[in-house]
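Step one of this worksheet: look at the structure below.
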Amino acid sequence: MGEVAATRSAGGRYDEVFVARMYHGVVALAAVLGLVLQVIAMLESPAYALEPAHLWWNYLGYFSVQASVLVFIVSLSLLMDSAREAGPVWRAVRAVSLIAVLLVFLFQFTVFRGLPDFTALSSTAVMADRILNYAVPVLTVTGWLIFGPRPRIGLQTIVWSLVYPAAWLIGSLIRGAATGWYPYPPFDGAANPFAAVVVNSLLLLLIWLGSGFLFLLLDARMGREPDGYLPGFGPDDGSGPDDDGVTDSRKSESGEPSAG
21 MGEVAATRSA GGRYDEVFVA RMYHGVVALA AVLGLVLQVI AMLESPAYAL EPAHLWWNYL
81 GYFSVQASVL VFIVSLSLLM DSAREAGPVW RAVRAVSLIA VLLVFLFQFT VFRGLPDFTA
141 LSSTAVMADR ILNYAVPVLT VTGWLIFGPR PRIGLQTIVW SLVYPAAWLI GSLIRGAATG
201 WYPYPPFDGA ANPFAAVVVN SLLLLLIWLG SGFLFLLLDA RMGREPDGYL PGFGPDDGSG
261 PDDDGVTDSR KSESGEPSAG
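Next comes the structure, spelled out in structure tokens:
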């Protein structure tokens, strides 16, 4: 039986593969723009002249910065291949980028809302903040909902994704104890009791796990992408994604990573 590529454009309609790749390119550019503006804001800071190395480490220690770096890497790979199959490492990084930016976005309206460190920013820092904490998360999650690729998230992927927040917490707490600087107040070991920091850390891991299972559920329930989510998506014969005439390796995937 001949195979029909599941991501080919329907006759007379736009090329959805091209649209998906361009979208991922826009996400990558947004992430780079936010990161560059954040660096410019850091270089403009009076404190940079006193402790440049310290500020660079602080910059790299922010959750939102690391999340945007991962988004850039993943989006760049999807720009080259919007239906990337990849292996367990790429899938775990993809899951980490999705969960991380979702939490970055949600925390702006909850635990980080109104904090002094985020209200006394320069104009450049404000622009970087808006891009990294609002635009990049919205673009990333929206792109995944529309273009996927799916299915790519399995239970093992979510379990492995926990390595990232755990490593970030351990690294932040160790460096904070040594330098006195913590990226976010809820994890400030100098300003909060040890028990409070432990509770906040466990809450972060639980929220991360819950968000991961949300993506796992959506990845399984929403079905293959990009068929059926935007006009013009689907095989050339107009059949749906479950048509017997369409053979696609992704239909047989359970969401668990394949070798390679």
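The numbering of the sequence shown is the numbering used here, which starts it at 21 and goes up by one.
Note that CB positions come from ideal geometry on N, CA and C, so glycine has one too.
1. Using beta-carbon positions only, say whether SER117 and THR144 come within less than 8 Å of one another.
2. Going by the beta-carbon positions, is the gap between ARG41 and SER84 smaller than 8 Å?
3. Quick check on DSSP: helix, strand or coil for TRP201?
4. Cβ atoms of VAL109 and PRO157: under 8 Å apart, would you say?
5. Please give the ranges of any alpha helix (DSSP H) in the segment 140-192, keeping only runs that are unbroken, at least 4 residues long and fully inside the region.
6. Tell me whether PHE233 sits in a helix, a strand or coil according to DSSP, three-state version.
7. So is ILE190 buried or exposed if we call it buried at 16+ other beta carbons inside 10 Å?
8. Thinking ILE178 and GLY230 are a contact (beta carbons under 8 Å), I'd like their distance in whole angstroms, please.
9. For the candidate residues ASP208, LEU53, LEU123, LEU236, whose alpha-carbon lies nearest to that of LEU180?
10. I'd like the list of long-range same chain contacts for TYR68, defined as Cβ closer than 8 Å, with 5 residues on each side in sequence excluded.
11. For the alpha helix (DSSP H) that contains MET42, what are its first and last residues?
12. Where do the N-terminal and C-terminal ends of the alpha helix (DSSP H) with ARG111 fall, by residue?
13. From ILE93 to LEU80, what distance separates their C-alpha atoms?
14. Inspect the beta-carbon positions of PRO171 and TRP228 and report whether they are closer than 8 Å.
15. Only counting the same chain, and skipping five residues up and downstream in sequence, which positions put a Cβ closer than 8 Å to that of ASN153?
16. For the alpha helix (DSSP H) holding LEU75, just list the boundary residues, first then last.
17. Relative to the C-alpha of MET242, which candidate in ILE166, VAL183, LEU182, PHE132 has its C-alpha closest?
18. PRO169 to GLN176, Cα distance in whole Å?
19. Give the C-beta separation of GLN86 and ALA148 to the nearest angstrom, bearing in mind that I take them to be a contact with Cβ-Cβ under 8 Å.
20. For ALA51, which residues in the same chain have their Cβ closer than 6 Å to its Cβ, ignoring the five residues on either side in sequence?
21. Looking at HIS44 and GLY163, is the spacing between their C-beta atoms short of 8 Å?
Let's see:
1. Translated into the one-based positions of the sequence shown, residue 117 becomes position 97. Translated into the one-based positions of the sequence shown, residue 144 becomes position 124. Taking 8 Å as the Cβ cut-off, SER117 and THR144 do not qualify as a contacting pair.
2. Along the sequence shown, one-based indexing puts residue 41 at 21. Along the sequence shown, one-based indexing puts residue 84 at 64. In this structure, SER84 does not lie closer than 8 Å to ARG41 by Cβ.
3. Locating residue 201 in the sequence shown gives position 181, where the first residue counts as 1. Of the three classes helix, strand and coil, the one that applies to TRP201 here is coil, per DSSP.
4. Along the sequence shown, read from residue 1 onward, the residue named residue 157 stands at position 137. Along the sequence shown, read from residue 1 onward, the residue named residue 109 stands at position 89. No, the pair does not count as a contact, with Cβ atoms beyond the cut-off.
5. The alpha helix (DSSP H) runs lying completely inside the segment 140-192 and spanning 4 residues or more are 143-150, 156-167, 175-181, given in chain order.
6. Translated into positions along the sequence shown, residue 233 becomes position 213. DSSP places PHE233 in helix when its eight states are reduced to three.
7. Within the sequence shown, the letter at position 170 stands for residue 190. Counting C-beta atoms within 10 angstroms of its own C-beta, ILE190 has fewer than 16 neighbours from the protein chains shown and is therefore classed as exposed.
8. Start at 1 with the first residue of the sequence shown, and residue 178 comes out as number 158. Start at 1 with the first residue of the sequence shown, and residue 230 comes out as number 210. In fact, because the Cβ distance is near 10 Å, the residues do not count as touching under 8 Å.
9. As a first step, residue 180 is located in the sequence shown; it is residue number 160 there, counting from the start. The question names Leu, but residue 180 is Trp in the sequence shown. Among ASP208, LEU53, LEU123, LEU236, the Cα nearest to that of TRP180 is on LEU236.
10. Residue mapping note: residue 68 aligns to position 48 of the sequence shown, counting from 1. Within its own chain, the residues whose Cβ lies closer than 8 Å to the Cβ of TYR68, once the five positions on either side in sequence are excluded, are MET62, LEU75, listed in chain order.
11. Translated into positions along the sequence shown, residue 42 becomes position 22. Unbroken alpha helix (DSSP H) run through MET42: 36-64.
12. Reading the sequence shown from its first residue, position 91 is the one you call residue 111. It spans 108-128 - the alpha helix (DSSP H) in which ARG111 sits, taken as one unbroken run.
13. Here residue 93 corresponds to residue number 73 of the sequence shown, with the count starting at 1. Here residue 80 corresponds to residue number 60 of the sequence shown, with the count starting at 1. Going from the Cα of ILE93 to the Cα of LEU80 covers about 16 Å.
14. As a working mapping, residue 171 is identified with position 151 in the sequence shown. As a working mapping, residue 228 is identified with position 208 in the sequence shown. For the pair PRO171 and TRP228, the CB atoms are not nearer than the 8 Å cut-off.
15. By 1-based counting over the sequence shown, the position of residue 153 is 133. Excluding residues within five positions, the ones whose Cβ falls inside 8 Å are SER84, VAL124, PHE125, GLN128.
16. As a working note, residue 75 is residue 55 in the sequence shown. According to the DSSP assignment, LEU75 belongs to the alpha helix (DSSP H) that extends over 72-81.
17. Taking the first residue of the sequence shown as position 1, residue 242 is located at position 222. Ranking the options by Cα distance to MET242, first place goes to ILE166.
18. Against the sequence shown, residue 169 aligns to sequence position 149. Against the sequence shown, residue 176 aligns to sequence position 156. Cα to Cα, PRO169 sits roughly 17 Å from GLN176.
19. By 1-based counting over the sequence shown, the position of residue 86 is 66. By 1-based counting over the sequence shown, the position of residue 148 is 128. So it is not a contact: roughly 14 Å between Cβ atoms.
20. Here residue 51 is taken as the residue at index 31 of the sequence shown, counted from 1. Excluding sequence neighbours, ALA51 sits near SER88, VAL91, PHE92, VAL156.
21. Position 143 of the sequence shown, counting from 1, holds the residue named residue 163. Position 24 of the sequence shown, counting from 1, holds the residue named residue 44. Yes. Within cutoff.
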